[in-house]
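Read through the structure below, which is laid out as structure tokens, and then see the notes.
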Amino acid sequence: MRLTDTLRFARDAATGYPLRTALSVLAMSIGVAAVVILTALGDGARRYVVGQFSSIGTNLVIVLPGRSGTGGFNPANAITSTPRDLTIDDAAALRRASAVSRVAPLAVGTSEISYGGRLREIMVAGSTAEFIPIRNFELAQGRGLPDGDWNRGDSVAIIGATVRDELFGSEPAVGKLIRVGDRRLRVIGVLKSVGQGLGMNTDELVIVPVALAQAMFNSNTLFRILVEAKSRATIPLAREQATEIIRQRHYGEEDVTVITQDAILATFDKLLGTLTLGVAGIAAISLAVAGILVMNVMLVAVTQRTGEIGLLKALGAPARTIRLAFLAEAAMLSSVGALVGYLLGQLGAFALRQAFPVFPAYPPDWAVIAGLSTALGTGLLFGVMPARRAARLDPVQALMKH
Amino acid sequence: MALIELTGIERVFQLGDATVHALAGLDLSIDAGEYVAVMGPSGSGKSTLLNLLGLLDRPNAGSYRLEDRDVTTLSADQLARVRSERIGFVFQSFHLVPRLTAAENIALPMTLAGIPLKERNARVARALVDFGLDKRADHRPDQLSGGQRQRVAIARATIMQPALILADEPTGNLDRHTGEEVVNLLEALNASGVTLVVVTHDPTMGARARRQLVMEDGRLQSDSAHP
Ligand SMILES: Nc1ncnc2c1ncn2[C@@H]1O[C@H](COP(=O)(O)OP(=O)(O)OP(=O)(O)O)[C@@H](O)[C@H]1O
Ligand SMILES: [Mg+2]
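Next comes the structure, spelled out in structure tokens:
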């Protein structure tokens with residue numbers, strides 16, 4: 001039998017029994033749609049986190065006080081009870097490192113802000129001029145923190161977009177005097193609104209000079225030091241140099257943790273990538289189930305159409321032709337199911353993206369290809385047994401079943 | 403020349419402990435172009451004989467030569483090929499594929515044999531006219547009368563231009579009048595040279611054949627060619 005005739009014969013057979021065809025197509029399409037939607041979710045989460053994390057800066061190396069568990073046991077740390085604090089001078093010293101392009105110390109705390117009788121709780125970040133460029137923030141109005149001596153705390157502030165809206169409404173904010181805690185500060189800039197992101201939401205942030213922040217919170221320690229390496233390639237060197245400089249300044253004790261944005265990114269990437277893979281695997285189980293359903297449907301078809309198989313044999317169809325006809329039917333059920341499932345899945349992913357615009361819910365290509373080929377593969381695989389059973393039927397016996 | 407030569411054919415069925423000799427020591431020779439009626443009581447082995455002649459079944463012993471070729475040793479696929487090219491079947495219960503139209507049912511043997519669509523269409527169109535079915539080409543079997551269904555089945559049996567047509571009680575499901583029409587069709591085919599073997603319970607139909615075989619317990623009880 002010619003290929004086109006085999007396909008037409010299989011198609012007519014499939015459409016001749018609409019209920020069982022619809023059921024197998026449905027099962028297969030649910031399986032494929034599950035793969036597409038779930039991996040779109042998983043990969044969307046990965047992309048979202050990675051994107052958010054990349055946006056906090058480029059080539060970032062972060063120094064935090066205290067030794068984290070990594071790096072093994074260090075007897076020098078065992079003796080010291082509390083780790084030495086990070087200071088503005090520590091941060092300034094890091095500027096000497098050859099692999100470092102910019103450095104920003106960061107002190108944080110909460111306080112109250114008021115203007116014209118309006119009052120609200122805010123987060124205060126104390127830093128220097130380079131904080132805004134390092135963190136990839138952008139100014140909507142005004143200018144950034146003044147350059148110059150880090151230990152001089154001018155009475156100026158840069159406010160986030162939400163703070164601006166709530167305190168000033170439609171009035172211009174730059175140049176106005178506000179009260180933060182017990183200090184009067186002049187607003188010199190307003191940050192661009194960025195909406196929801198990972199970590200601190202800059203829309204509700206007030207940035208002040210680091211020395212001023214320390215004075216306000218009555219402490220001389222830093223929360224973090226943000227270091228920007230000169231290039232991606234120099235990140236490891238910048239990390240080494242930062243560790244060494246702080247160690248020297250802290251009398252040979254390694255009492256800080258230096259992490260790189262790259263390493264964190266890679267970890268998240270791997271973690272969420274594995275998660276997506278796992279989710280795809282779970283969804284693939286539904287594909288296997290759909291394959292088994294197709295097999296059962298085909299076995300029923302062979303039983304239902306025994307008389308017809310006998311007739312085909314009487315009319316001179318060799319075993320191969322009958323095998324191919326039934327295999328083609330199984331393949332058709334699963335490929336139509338796969339196609340419908342793919343469309344449903346893409347539709348679902350589209351709906352997800354419409355509902356959550358910040359969430360890039362696109363199914364990864366590998367998942368789509370793997371999902372479709374698993375569907376076709378299981379369909380064919382589970383179609384083999386019924387097809388062989390049909391081809392092996394004894395023609396006389398089969399003809400009697402009519 | 404003999405089209406069919408059976409010698410010492412045995413066909414045994416095992417039914418639990420009992421062995422049924424459906425065909426026993428059967429010798430039979432049928433020439434090309436003959437018109438043979440096979441009669442006999444129920445269970446005498448008529449259908450078994452016809453299945454054997456049609457290569458749907460194999461004997462347990464004996465030899466079957468079809469067109470001077472020993473067909474008992476052929477493989478399943480070789481048998482299928484011989485069926486496709488040399489043998490046409492007509493069944494009591496028509497055996498049409500319910501989802502296919504009359505035209506598609508008639509074309510089915512050609513489709514299975516891989517004959518190109520163009521030639522298929524031409525031959526089906528001719529057959530539809532020949533069998534008075536040209537107005538029914540697109541009807542499915544459930545939209546046809548019994549007589550029309552059997553005409554479709556006969557058209558299907560002849561579409562590959564076989565040498566031999568085997569009909570197992572072709573009028574068994576038809577009323578007298580339509581049965582008569584079907585027999586006329588089959589006889590016209592025989593008149594054009596096709597060998598025709600018909601199993602029938604109807605004595606008047608059997609009497610119309612040029613040769614009558616009567617079976618009893620798997621054996622030939624009488625053969626009008628060798629009285
Ligand atoms: N597959 C089978 N298994 C067991 N016994 C069988 C089988 N096929 C036929 N027989 C037996 O072989 C004998 C001949 O059967 P066959 O069908 O040839 O009879 P028949 O002459 O066609 O009868 P009828 O006129 O009723 O159609 C019967 O006894 C039947 O029971
Ligand atoms: Mg019978």
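Going down the list, the sequences are from chains Y and G. If you read the first sequence in the working numbering, its first letter stands for residue 1, the second for the next number, and so on. If you read the second sequence in the working numbering, its first letter stands for residue 403, the second for the next number, and so on. From the three backbone atoms N, C-alpha and C, an ideal C-beta is built for every residue, glycine too. All values reported here derive from a predicted model rather than from experimental measurement.
* Among Y:399, Y:395, Y:401, Y:400, which has the Cα closest to the Cα of residue 460 (chain G)? -> For residue 460 (chain G), the closest alpha carbon among the candidates Y:399, Y:395, Y:401, Y:400 is that of Y:395.
* Asked: What is the DSSP secondary structure of residue 517 (chain G), counted as helix, strand or coil?
  -> When DSSP states are grouped into helix, strand and coil, residue 517 (chain G) belongs to the coil group.
* Asked: Taking Cβ-Cβ distances shorter than 7 Å, what residues in chain G pair up with residue 321 (chain Y)?
  -> Within chain G, the residues near residue 321 (chain Y) are 514.
* **Any beta strand (DSSP E) of 3 or more consecutive residues that is wholly inside the segment 132–157 of chain Y** => Runs of the beta strand (DSSP E) inside the segment 132–157 of chain Y: 139–142.
* Asked: Going straight from the alpha carbon of residue 535 (chain G) to that of residue 550 (chain G), what length do you get?
  -> Take the alpha-carbon of residue 535 (chain G) and the one of residue 550 (chain G): they are about 7 Å apart.
* To do: Find the residues of chain G that neighbour residue 315 (chain Y), judging by a C-beta separation of less than 8 Å, and give them in chain order.
  => The contacting residues are 485, 486, 491, 510, 511, 514, 558.
* **Residues bridged to residue 235 (chain Y) (per DSSP)** => According to DSSP, residue 235 (chain Y) bridges with nothing at all.
* Anything in chain Y within Cβ reach of residue 499 (chain G), meaning under 8 Å, just list it in chain order. => Result: 308, 311.
* Asked: Any heavy atom of ligand 2 closer than 7 Å to the Cβ of residue 495 (chain G)?
  -> Checking every heavy atom of ligand 2 against the Cβ of residue 495 (chain G), none is found closer than 7 Å.
* Is residue 450 (chain G) near ligand 3, with its Cβ less than 7 Å from a heavy atom? -> Looking at this structure, you won't find ligand 3 anywhere; what it does contain is ligand 1 and ligand 2.
* Neighbourhood of residue 314 (chain Y) by C-beta distance below 7 Å, restricted to the same chain and skipping five residues each side -> Hits under 7 Å: 395, 399.
* Asked: Who are the Cβ neighbours of residue 511 (chain G) in its own chain at under 7 Å, not counting the five residues just before and after it?
  -> Within the same chain, 486, 558, 561, 562 come within 7 Å of residue 511 (chain G) by CB-CB distance, once the 5 residues on both sides are set aside.
* Would you mind telling me which residues of chain G sit closer than 7 Å to residue 2 (chain Y), beta carbon to beta carbon, in chain order? => Going along chain G in sequence order, the residues near residue 2 (chain Y) (Cβ under 7 Å) are 516.
* Comparing the C-beta of residue 396 (chain Y) with each C-beta of chain G, is any distance below 8 Å? -> For residue 396 (chain Y), the nearest beta carbon of chain G is closer than 8 Å to its own beta carbon.
* To do: Under 8 Å Cβ to Cβ from residue 80 (chain Y), same chain only, skipping five residues before and after it: list those, please.
  => Residue placement at residue 80 (chain Y) is flagged as unreliable, the pLDDT there being 48, under the threshold of 50; a coordinate-derived value is accordingly withheld.
* Which of helix, strand or coil DSSP assigns to residue 427 (chain G) -> Three-state result, residue 427 (chain G): strand.
* **Between the CA atoms of residue 308 (chain Y) and residue 269 (chain Y) - distance to the nearest angstrom** => Distance between the alpha carbons of residue 269 (chain Y) and residue 308 (chain Y) is about 56 Å.
* Asked: Would you say residue 18 (chain Y) faces chain G, with C-beta separation under 8 Å as the test?
  -> Not closer than 8 Å to any Cβ of chain G, the Cβ of residue 18 (chain Y) fails to qualify, so no.
* Would you call the segment 84–102 of chain Y and the segment 212–231 of chain Y touching, i.e. three or more CB-CB distances under 8 Å? -> With the cut-off at 8 Å, the segment 84–102 of chain Y and the segment 212–231 of chain Y touch.
* Asked: Using a Cβ cut-off of 7 Å, which residues of the segment 354–377 of chain Y contact any Cβ in chain G, in chain order?
  -> None of the residues of the segment 354–377 of chain Y has a beta carbon lying less than 7 Å from any beta carbon of chain G.
* Coil, strand or helix - residue 207 (chain Y) by DSSP -> In this structure, residue 207 (chain Y) counts as strand in the three-state DSSP scheme.
* To do: Could you tell me which of Y:168, Y:180, Y:169, Y:165 sits nearest to residue 155 (chain Y), measuring between CA atoms?
  => Checking every option, the nearest Cα to that of residue 155 (chain Y) belongs to Y:180.
* Measuring from the CB of residue 457 (chain G), is there a heavy atom of ligand 1 at a distance below 7 Å? -> Taking non-hydrogen atoms of ligand 1 into account, the C-beta of residue 457 (chain G) is found less than 7 Å away from none of them.
* Work out the CA separation of residue 537 (chain G) and residue 601 (chain G) for me, nearest whole Å. => For residue 601 (chain G) and residue 537 (chain G), the gap between their C-alpha atoms comes out near 30 Å.
* To do: Sort Y:138, Y:326, Y:285 by Cα distance to residue 27 (chain Y) and report the nearest one.
  => If we check each option's Cα against that of residue 27 (chain Y), Y:285 comes out closest.
* Could you tell me if the beta carbon of residue 422 (chain G) falls within a distance shorter than 7 Å of some heavy atom in ligand 1? => Within the cutoff, so yes.
* **residue 447 (chain G) versus residue 390 (chain Y): straight-line alpha-carbon distance, rounded** => Inter-residue distance for residue 447 (chain G) and residue 390 (chain Y) is about 27 Å (C-alpha atoms, whole angstroms).
* Asked: At a cut-off of 7 Å, is residue 382 (chain Y) close to ligand 1 when judged by its beta-carbon and the heavy atoms of the ligand?
  -> Answer for residue 382 (chain Y): no, Cβ out of range of ligand 1.
* residue 408 (chain G) versus residue 454 (chain G): straight-line alpha-carbon distance, rounded -> Distance between the alpha carbons of residue 408 (chain G) and residue 454 (chain G): 10 Å.
* Output the distance between the C-alpha atoms of residue 77 (chain Y) and residue 356 (chain Y), rounded to the nearest integer angstrom. => Only weak support is given to the placement of residue 77 (chain Y): the predicted model assigns it a pLDDT of 47, under 50, and the value that follows is read from those uncertain coordinates. The alpha-carbon atoms of residue 77 (chain Y) and residue 356 (chain Y) are separated by roughly 47 Å.
* In chain order, what residues of the same chain have a beta carbon less than 6 Å from the beta carbon of residue 620 (chain G), not counting five sequence neighbours either side? -> The residues are 423, 424, 425, 426, 447.
* Three-state secondary structure assigned by DSSP to residue 436 (chain G) -> Under the three-state reduction of DSSP output, residue 436 (chain G) falls in the coil class, being neither helix nor strand.
* To do: Sort Y:157, Y:171, Y:193, Y:377 by Cα distance to residue 183 (chain Y) and report the nearest one.
  => Nearest to residue 183 (chain Y) by alpha-carbon distance, out of Y:157, Y:171, Y:193, Y:377, is Y:157.
* Asked: Is there at least one Cβ from chain Y nearer than 8 Å to residue 453 (chain G)'s Cβ?
  -> Residue 453 (chain G) counts as touching chain Y.
* Determine the contact status of residue 33 (chain Y) and residue 241 (chain Y), defining contact as a CB-CB distance below 8 Å. => It is not a contact, given that the beta carbons lie outside the stated cut-off.
* When the distance is taken between beta carbons, is residue 435 (chain G) closer than 8 Å to residue 548 (chain G)? -> Against a cut-off of 8 Å, the Cβ pair of residue 435 (chain G) and residue 548 (chain G) comes out as no contact.
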